[in-house]
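Working notes, structure below.
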């Protein structure tokens, strides 16, 4: 009886943890996106060092979200299915948007740096 209770308790704990995973992805992915967008605005204003600092912070949030996603992939690959629902799809969408913004922010910073250099020449 005691081992059945422990298994049931363990299952409830895992279910609670799995319910929190989408929120962790949304929060970390959303933070990364916000930081990357702020970095673009800073670069646009000529504050390149601040833009780069924000990118570093965004990368930390993105790394946290990516680690969570990797855990989900490992869980699924090991035969333990990951619950797929609208919330999880929304969370993955946040993560993918952050990944895309990470790629774009570097281009924007470079573009604004280059544009500022050309303006100085005139």
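In the numbering used here, the protein residues as written are 2 to 123. Yeah, the Cβ is synthetic: ideal placement off N, Cα and C, and Gly gets one too.
Hey, out of the options, whose CA is closest to residue i's CA?
| i | options | result |
| --- | --- | --- |
| residue 127 | 91, 96, 90, 21 | This structure leaves residue 127 out entirely; the chain is present only between 2 and 123. |
| residue 102 | 21, 64, 38 | 38 |
| residue 53 | 117, 116, 107 | 107 |
| residue 20 | 77, 49, 86, 43 | 86 |
| residue 66 | 32, 51, 104 | 32 |
| residue 118 | 24, 34, 47, 28 | 47 |
| residue 62 | 84, 29, 73, 93 | 29 |
| residue 68 | 45, 88, 93 | 93 |
| residue 73 | 90, 49, 58 | 90 |
| residue 104 | 26, 27, 41 | 41 |
| residue 100 | 44, 84, 64 | 64 |
Reducing DSSP to helix, strand and coil, say where residue i ends up.
| i | result |
| --- | --- |
| residue 118 | helix |
| residue 39 | helix |
| residue 83 | coil |
| residue 14 | Note that residue 14 has pLDDT 49, beneath the 50 cutoff, so the model's placement of it is unreliable and the number below is only indicative. Residue 14 falls in the helix class under three-state DSSP. |
| residue 46 | coil |
What is the residue span of the alpha helix (DSSP H) that residue i lies within?
| i | result |
| --- | --- |
| residue 54 | 49-78 |
Margin query: Three or more C-beta pairs under 8 angstroms: does that hold for the stretch 69-82 against the stretch 110-118?
Written below: no
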